[in-house]
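In what follows, a single structure is set out as structure tokens and then discussed.
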Amino acid sequence: MSSKLGRDFYLQPTLVVAKALIGKEFILSRGGRTLSGRIVETEAYIGENDPACHARYGLTKRNAIMYGVGGFTYVYFVYGMHNMLNFVTERANSPAAVLIRALEPLEGTGIMKALRKCEDTLQLTTGPGKLCQAFGITVKDTGIDLTGDIAHVIDRGYRPHQIVQTSRIGIKDGQEMLWRFYEAENKFVSGK
DNA sequence: ATAACGATCCAG
DNA sequence: TGGATCGTTATG
């Protein structure tokens with residue numbers, strides 16, 4: 000038995016969502032093709048008081064979607080070359096999101112290899128920039144409703160053996176917050 | 001109007 | 001271990 004996560008799931012506290020997403024399957028269906036992967040690593044970015052969150056300077060044109068209701072995608076561009084996929088969480092006017100950092104490829108690995116120009120399955124989706132390239136996700140994909148048909152998350156009943164909680168990667172401020180989650184001993188966690 | 005700076009990745 | 005590379009933001 001498997002079920003699609005609905006609006007209520009994304010309205011939960013961001014740390015709950017970030018942890019609960021580990022082990023769930025992310026599915027992207029469009030252009031007549033379907034790509035999917037099991038989420039193995041996430042990070043939470045929560046509110047205007049989180050020094051690493053894009054909402055730390057208040058509402059801007061870029062982060063506006065974070066101020067909306069949870070359950071929508073937020074994709075942004077960094078380092079002049081990488082797209083980052085996030086899921087907006089919590090109620091409207093409560094800016095927060097979960098960064099999807101790594102996936103275990105499931106469906107459509109042939110397409111992922113082509114998009115990544117890489118044959119090594121372990122290099123397809125083991126990092127936030129890599130997985131966006133493998134899925135063909137860019138900033139134009141901001142605002143997709145995760146309760147719709149194009150992109151959604153499914154609970155297939157997979158339960159991680161152990162989830163590890165650490166400091167977030169690649170940030171300067173906010174190291175004291177242990178807001179990164181990943182499935183222990185999964186080969187597809189980034190940075191290995 | 002403009003400069004500094006990233007929630008990174010990959011080659012060497 | 002450092003260079004690539006450019007949109008967003010902050011500041012003048």
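The opening residue of the first sequence carries number 0 in numbering that gives the first Met the number 0; numbering runs sequentially from there. Backbone N, C-alpha and C define an ideal beta-carbon position, used for all residues, glycine too.
Comparing alpha-carbon positions, which option in Gln132, Tyr181 and Tyr44 lies nearest Thr13?
Numbered from its first residue, the first sequence carries residue 13 at position 14. Checked all of Gln132, Tyr181 and Tyr44; the closest Cα to Thr13 is Tyr44.
Within its chain, find whatever has a CB closer than 6 Å to the CB of Thr125; leave out the 5 residues flanking it on each side and keep chain order.
One-based indexing of the first sequence puts residue 125 at position 126. If we look at Thr125 and ignore the five residues flanking it on each side, its Cβ neighbours are Ala101, Phe187 and Ser189.
Starting from Gly156 and walking both ways along the beta strand (DSSP E), at which residues does that stretch end?
Reading the first sequence from its first residue, position 157 is the one you call residue 156. Premise fails: Gly156 is in no beta strand (DSSP E) and is neither H nor E.
Beta-carbon spacing of Ser1, Asp154 below 8 Å:
Reading the first sequence from its first residue, position 2 is the one you call residue 1. Reading the first sequence from its first residue, position 155 is the one you call residue 154. Yes.
Is Val97 closer than 8 Å to Leu4 when the C-beta atoms are compared?
Here the question's residue 4 lines up with position 5 in the first sequence. Here the question's residue 97 lines up with position 98 in the first sequence. Not closer than 8 Å, so no.
With 16 as the cutoff for other CB atoms within 10 Å, does Asn92 come out buried or exposed?
Along the first sequence, one-based indexing puts residue 92 at 93. Result: exposed.
Can you give the beta carbon distance from Gly36 to Glu103, rounded, assuming they're within the 8 Å contact cut?
Position 37 of the first sequence, counted from the first residue, corresponds to residue 36. Position 104 of the first sequence, counted from the first residue, corresponds to residue 103. Between Glu103 and Gly36 the Cβ distance is about 6 Å, and since that is below 8 Å, they are a contact.
Looking at C-alpha atoms only, which residue of Leu34, Arg61 and Tyr56 is the closest neighbour of Cys131?
Along the first sequence, one-based indexing puts residue 131 at 132. Comparing Cα-Cα distances from Cys131 to each of Leu34, Arg61 and Tyr56, the minimum goes to Leu34.
With distance defined between alpha-carbon atoms, name the residue in His81, Gly156, Thr88 and Phe76 nearest to Leu10.
The count along the first sequence starts at 1 and reaches residue 10 at position 11. Looking at the Cα atoms, Thr88 is the closest of the given residues.
Stretch-stretch touch, CB-based, cutoff 8 Å, three pairs: the stretch 141-152 with the stretch 63-74:
yes
On the criterion of 16 or more Cβ atoms from any shown chain inside 10 Å, does Val138 qualify as buried, or is it exposed?
As a working mapping, residue 138 is identified with position 139 in the first sequence. Per the 10 Å Cβ criterion, exposed.
What is the rounded straight-line gap between the Cα of Val16 and the Cα of Ile99?
One-based indexing of the first sequence puts residue 16 at position 17. One-based indexing of the first sequence puts residue 99 at position 100. Distance between the alpha carbons of Val16 and Ile99: 11 Å.
Should the stretch 160-179 be called in touch with the stretch 37-56, which here means at least 3 C-beta pairs below 8 Å?
Yes: the two stretches touch, three or more of their Cβ pairs being nearer than 8 Å.
Can you check the stretch 112-145 for any beta strand (DSSP E) of at least 3 residues that lies completely inside it and give the ranges in chain order?
none
With which residues is Met83 paired in a DSSP beta bridge?
Position 84 of the first sequence, counting from 1, holds the residue named residue 83. Met83 pairs with Tyr75.
Grab me the residues of Gly135's own chain with a C-beta within less than 6 Å of its C-beta, minus the 5 sequence neighbours each way, in chain order.
Residue numbering aside, residue 135 sits at position 136 when the first sequence is read from its first letter. The answer, listed in chain order, is Leu114.
As a quick exercise: from Gln164, Asn85, Thr108 and Arg6, pick the residue whose alpha carbon is nearest that of Ala183.
Translated into the one-based positions of the first sequence, residue 183 becomes position 184. Ranking the options by Cα distance to Ala183, first place goes to Gln164.
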